[in-house]
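A short write-up of the structure that comes next.
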Amino acid sequence: MIWNNWIPLLVVLSSLLPGLVIFTLSEKQWRVRTFLNIFGAVAKLGLVGWMLWGVYHEQHFETRLALLPDLDLVLRAGPLALFFVSLSTLLWLVTTVYAIGYLEHSPHRSRFFGFFSLCVTATVGVALAGNLITFLLFYELLTLSTYPLIVHRGTEEARKAGQSYLTYTILGGALLLFGTVWLYSLVGTLEFTPRGFLSQVDAQHHPTLIIIFVLLIGGLGVKAALIPFNGWLPKAMVAPAPVSALLHAVAVVKAGAFGIIRVVYDVFGIDFAASLGVTAPLAWLAAATIIYGSLRALFQDDLKRRLAYSTISQVSYIALGVAIAGPLASIGGVVHLVHQGVMKITLFFCAGNLAETLGVHKISEMNGVGRRMPWTMAAFTIGAFGMIGAPPVAGFISKWYIGLGALEVDQGWVLLVLAGSSLLNAAYFLPILHAAWFRKPPEKWPHEHDFGRHETSLALLIPPLITASLALLAGVLAMLPFSPLEWAKLISVREFYTP
Amino acid sequence: MGAQLIQVDWAVVLIMLPLSAAMLGFLLPGMARNIGLLAALLILFTVVGLGWQLTQTGVYSHVAGGWLAPLGIQLHADGFSLLMLATSAIVGVAVSIYSTGYFKAADDQRFWPTWLLLWAALNALFLAADVFNLYVTLELLGLSAVTLASLTGSKDSVSAAMRYLLSTLLGSLAFLLGIGLLYHQYGSVDIAILSERVNDSTVSWAALGLITAGLALKTALFPFHFWLPPAHASAPAPVSALLSALVVKASFYILLRLWLGLFDFQQDSTVANMLGILGATAVLWGSIQALRQIRLKMLVAYSTVAQIGYLFLAFPLAQTGGNRVWYAVAYLMLSHALAKAAMFLVAGNMMLFGGHDRIVNLDRVVQRLPVTVAAFGLAGVSIMGLPPSGGFIAKWLLLEAALAQGHWGIAGIMMLGGILAAAYVFKVLGYAFIPSPVPHQAVSVPARMQWMALLLATLAIMAGFVAQPLMQLIGIGALFDSTGSMP
Amino acid sequence: MSMLFFYALIGVGLFTLGLLALVVQPHLLQKILALNVMGSGVFLLLVALGGRSQPVVDVVPQAMVITGIVVAVSATAMALTLMLNLSRSSPGAQLPEDQSADS
Numbered sequence: 001m002i003w004n005n006w007i008p009l010l011v012v013l014s015s016l017l018p019g020l021v022i023f024t025l026s027e028k029q030w031r032v033r034t035f036l037n038i039f040g041a042v043a044k045l046g047l048v049g050w051m052l053w054g055v056y057h058e059q060h061f062e063t064r065l066a067l068l069p070d071l072d073l074v075l076r077a078g079p080l081a082l083f084f085v086s087l088s089t090l091l092w093l094v095t096t097v098y099a100i101g102y103l104e105h106s107p108h109r110s111r112f113f114g115f116f117s118l119c120v121t122a123t124v125g126v127a128l129a130g131n132l133i134t135f136l137l138f139y140e141l142l143t144l145s146t147y148p149l150i151v152h153r154g155t156e157e158a159r160k161a162g163q164s165y166l167t168y169t170i171l172g173g174a175l176l177l178f179g180t181v182w183l184y185s186l187v188g189t190l191e192f193t194p195r196g197f198l199s200q201v202d203a204q205h206h207p208t209l210i211i212i213f214v215l216l217i218g219g220l221g222v223k224a225a226l227i228p229f230n231g232w233l234p235k236a237m238v239a240p241a242p243v244s245a246l247l248h249a250v251a252v253v254k255a256g257a258f259g260i261i262r263v264v265y266d267v268f269g270i271d272f273a274a275s276l277g278v279t280a281p282l283a284w285l286a287a288a289t290i291i292y293g294s295l296r297a298l299f300q301d302d303l304k305r306r307l308a309y310s311t312i313s314q315v316s317y318i319a320l321g322v323a324i325a326g327p328l329a330s331i332g333g334v335v336h337l338v339h340q341g342v343m344k345i346t347l348f349f350c351a352g353n354l355a356e357t358l359g360v361h362k363i364s365e366m367n368g369v370g371r372r373m374p375w376t377m378a379a380f381t382i383g384a385f386g387m388i389g390a391p392p393v394a395g396f397i398s399k400w401y402i403g404l405g406a407l408e409v410d411q412g413w414v415l416l417v418l419a420g421s422s423l424l425n426a427a428y429f430l431p432i433l434h435a436a437w438f439r440k441p442p443e444k445w446p447h448e449h450d451f452g453r454h455e456t457s458l459a460l461l462i463p464p465l466i467t468a469s470l471a472l473l474a475g476v477l478a479m480l481p482f483s484p485l486e487w488a489k490l491i492s493v494r495e496f497y498t499p
Numbered sequence: 001m002g003a004q005l006i007q008v009d010w011a012v013v014l015i016m017l018p019l020s021a022a023m024l025g026f027l028l029p030g031m032a033r034n035i036g037l038l039a040a041l042l043i044l045f046t047v048v049g050l051g052w053q054l055t056q057t058g059v060y061s062h063v064a065g066g067w068l069a070p071l072g073i074q075l076h077a078d079g080f081s082l083l084m085l086a087t088s089a090i091v092g093v094a095v096s097i098y099s100t101g102y103f104k105a106a107d108d109q110r111f112w113p114t115w116l117l118l119w120a121a122l123n124a125l126f127l128a129a130d131v132f133n134l135y136v137t138l139e140l141l142g143l144s145a146v147t148l149a150s151l152t153g154s155k156d157s158v159s160a161a162m163r164y165l166l167s168t169l170l171g172s173l174a175f176l177l178g179i180g181l182l183y184h185q186y187g188s189v190d191i192a193i194l195s196e197r198v199n200d201s202t203v204s205w206a207a208l209g210l211i212t213a214g215l216a217l218k219t220a221l222f223p224f225h226f227w228l229p230p231a232h233a234s235a236p237a238p239v240s241a242l243l244s245a246l247v248v249k250a251s252f253y254i255l256l257r258l259w260l261g262l263f264d265f266q267q268d269s270t271v272a273n274m275l276g277i278l279g280a281t282a283v284l285w286g287s288i289q290a291l292r293q294i295r296l297k298m299l300v301a302y303s304t305v306a307q308i309g310y311l312f313l314a315f316p317l318a319q320t321g322g323n324r325v326w327y328a329v330a331y332l333m334l335s336h337a338l339a340k341a342a343m344f345l346v347a348g349n350m351m352l353f354g355g356h357d358r359i360v361n362l363d364r365v366v367q368r369l370p371v372t373v374a375a376f377g378l379a380g381v382s383i384m385g386l387p388p389s390g391g392f393i394a395k396w397l398l399l400e401a402a403l404a405q406g407h408w409g410i411a412g413i414m415m416l417g418g419i420l421a422a423a424y425v426f427k428v429l430g431y432a433f434i435p436s437p438v439p440h441q442a443v444s445v446p447a448r449m450q451w452m453a454l455l456l457a458t459l460a461i462m463a464g465f466v467a468q469p470l471m472q473l474i475g476i477g478a479l480f481d482s483t484g485s486m487p
Numbered sequence: 001m002s003m004l005f006f007y008a009l010i011g012v013g014l015f016t017l018g019l020l021a022l023v024v025q026p027h028l029l030q031k032i033l034a035l036n037v038m039g040s041g042v043f044l045l046l047v048a049l050g051g052r053s054q055p056v057v058d059v060v061p062q063a064m065v066i067t068g069i070v071v072a073v074s075a076t077a078m079a080l081t082l083m084l085n086l087s088r089s090s091p092g093a094q095l096p097e098d099q100s101a102d103s
């Protein structure tokens, strides 16, 4: 079908064009802006749904445009690409609704939503990129379009956070660019290929390939917040809550983790990467990051900062699952891409609700919030249990598969990491839950807003409830077709391992 | 109709049009602005005509008045000339429209004739077929550029213009001496004839040294860059844009053309490597200096010093990298011209808006001049070499050549230069977001001044998407392909 | 030939001398004069080289020199104007950094 060649491009344009139009709108035209936002998000969702169905039935979706004399801009919807696209599209819709509610009375909304749309455009482009140069293009676009969101509040603190974010990501981008060009000058192609395209490279170049692997993973690791590149993430918490949600669950951090999957499986190929001996160090690095993030989270009193360190820890599960180099572990790592996204965005939405409704920012102020905002805290509780890895929430599935996969390839030490991290997760989430549900609320909240009949505005309340239900459903219905788990298995069969 | 249009000597029109418009503007100062604007649009149209002609009939050549070189004037246009003519036309039109908002009526009568004269010199330079005409046009260009730089008459700008004049005259004299030697030895000034005759001899080497040094001085290659930052920073914003985007490129254009045509006799790469080292130093020095500046226009001017360094990095790479490297250079010239012109226009807007250009006191311009700040951001993307932009395409090709040949030093310098560029671009953008401790009084900036900056910046970005067709256009006449094959 | 060579040598000498003065002398008038001396050196060299051992003198270098003189005259005029302008706004006709170096 001729249309199939254009659908990946349309998916990218469905947020790019509304975004560009939104920039030109004035603050008062909120109806047009909201319509464009929602229209773009829904259109994107429809297109992605169409492609999901098509790819399941082995159709091909590929847009190819000339970029350089012998390098193309390629957007291709394979199973893995669609997995990430679906996540970001769905969560974009939810986050847009939330952001509309959250920023209702704040200034500069046109600029905010414009960059918000650009950010999602970049994420979708990262997901659909069919070769490394296209990936790089959207990866840098993501860096650039998130910067104005981080400094959105226009305070000196925000400027510093933005500067720190850029210092890390521009350096990371430079590493990635360097590795990419080097790879291209070595092998002459950058096209993502299932099971990799480097295994035929002459053995004398293997040391070079190892350096390139380090460069690429180093560049991606900055966004994926691996040790020692994660200093920017907690600082970036000055941004408004929807931005944090976007950074942590949908866009930036995920783009890094997704890139690691791409490089390991579609550039090097997992078997070849393992034979080069580069996956084991990556696994150790990921494991160290998991423990480090959890430990740091334990000592944060600021709720958003605790969640930020939790993200550092949780995203590294993806890298860990990928680097263990076993089929089951890969499934666990890949599926965590979606699971972590859904759970973490719930937690950030809830944190945003507390801040917006009650002025509560610190964990020490959270006593009894469960009674004041039961729905919000219910969603929070589901997310927190998911993070700990308690069944039947989705997080359990990821950890289960990573654990099984580790045993499959005799990497028992991973179980210790998983157990240790789950304990730490429990240690930093359960006190919050205890305080929220069982402690007595204070006489007066720090900065309370009255939203009438409901505990908070509906635009703020519904998104976390939706994402919490998704987190629950992804766990309970994991065995149904089109569930994240089943799709991850499909990816593993089609793209990762020779059946 | 088409057959007649193809006969038109578009190239002659390209020189005569701005020249006669300059004269008219001089004679009728009251109408200078309208004459200039009309001429600008006509020039753009003429360049399109010439481009169409080139795609149809290949390289164009014309003997003015039937007099052959050395005494007559011969015109020659290939893809590289077309690129430079088109770049000048686009930047020229945008700056012309911008300057209708920037200059008051009193300045108009001084600005327009000189600017049109400069444009005529640029066009004639890009169309010149012999080295002596290159010298004449180079002088015309230099003198009109100095006049424009001293337009405000302030002490800073006059002393900067003075230094600029002394440097540019020195450069021209060295160039003249070089071509005199070439003529003495080989009996011609025609580039095409010279390129067949020039061989490895003492005189050739002396000419190579004099011409390269003279042009490097005019192009402001480190360490000859001393004149550029004050001259570009103290000139009025539209003039700075023209100087940075076009005038320094003109002397580099000559250097590249002669290097490819005449000086390909030298087999060892000493000179090329030396230029590369100077280029690398320029990248680092210019970027670090840019980062240290407290005034926006000085920052942008030092950024030009750095970006010129990139152009010279190509010389060692092209030894074995072949034509791909030269295409990258041509692309860098284009995208830098667009992006840097946009940046200077932005600086002009901010200066008009707040009455100063101190970076730390920009005071929330992002909210109050969103279009201007967007233009700076987009131009910055191209300057940093981030995708998608014209700058990215050029730097990708250069980096690829550097890595393929194992030039680790050059690759490292390029990466470092990109990071430093990001640092100075985002330094500005960061302060654009926050309120200043000393709030300043805002003067409204005409919309066309903002949109022209954005237009140029957007074009610099768009250049990242049309690399293939553009490189085909640049390839007309195969100037670059003599050095190797395009894979 | 040896006479021509002698002229050419003087031309090079003038060029070098002018370059030295351009760099060393702080006063702008001296700098402008230095440039003119350099120019004369170049013109001398061009004319000398043009008088090769041919029966007819080559006219091209002379054409070049005439053009060069025109350029030099206009450039000098312009430089003098700038210099006057500068000396009006500040005492002494020197470039700023030379001033600070002197005082």
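Residue numbers (the numbering used here), protein chains in the order written: chain A, 1 to 499; chain B, 1 to 487; chain C, 1 to 103. We put the beta carbon where it would ideally sit given N, CA and C, even for glycine.
Start-to-end residues for the beta strand (DSSP E) that takes in residue i
| i | result |
| --- | --- |
| Phe71(A) | Note on residue identity: the sequence assigns Leu, not Phe, to residue 71(A). Leu71 to Arg76 is the extent of the beta strand (DSSP E) around Leu71(A). |
| Tyr60(B) | Tyr60 to Ala64 |
Helix, strand or coil at residue i according to DSSP, with G and I counted as helix
| i | result |
| --- | --- |
| His339(A) | helix |
| Ile32(C) | helix |
| Thr63(A) | strand |
| Ile73(B) | strand |
| Arg195(A) | coil |
| Gln319(B) | helix |
| Gln94(C) | strand |
| Asp481(B) | helix |
Residue i versus residue j: straight-line alpha-carbon distance, rounded
| i | j | result |
| --- | --- | --- |
| Ala402(B) | Leu275(B) | 15 Å |
| Gly332(A) | Val315(A) | 12 Å |
| Arg111(A) | Val12(A) | 19 Å |
| Ala280(A) | Arg109(A) | 46 Å |
| Leu19(B) | Leu317(B) | 39 Å |
| Leu465(A) | Ile345(A) | 11 Å |
| Ala283(A) | Gly49(A) | 34 Å |
Neighbouring residues, chain C, relative to residue i (Cβ below 8 Å)
| i | result |
| --- | --- |
| Met490(B) | Because chain B spans 1 through 487 in this model, residue 490(B) falls outside it and cannot be assessed. |
9 Å Cβ cut-off: residues of chain A touching residue i
| i | result |
| --- | --- |
| Arg364(B) | Gly154 |
| Val428(B) | None at all; the shortest Cβ gap to chain A is about 12 Å. |
Boundaries of the alpha helix (DSSP H) in which residue i is found, first to last residue
| i | result |
| --- | --- |
| Thr169(A) | Glu156 to Val187 |
| Val47(B) | Ala32 to Thr57 |
| Ile324(A) | Counting along the chain, Ile324(A) falls outside any alpha helix (DSSP H), and DSSP gives it neither H nor E. |
| Arg88(C) | Val60 to Ser89 |
| Ala477(B) | The displayed chain sequence assigns Gly, not Ala, to residue 477(B). Neither: Gly477(B) is in no alpha helix (DSSP H) and is coded neither H nor E. |
Residue i, buried or exposed, once every other Cβ within 10 Å from all chains shown has been counted against 16
| i | result |
| --- | --- |
| Ala104(B) | This sequence places Lys at residue 104(B); Ala is not what is there. Flag for Lys104(B) reads exposed. |
| Pro370(B) | buried |
| Leu256(B) | buried |
| Leu490(A) | buried |
Proximal chain C residues relative to residue i, where beta-carbon distance stays under 7 Å
| i | result |
| --- | --- |
| His184(B) | Leu49 |
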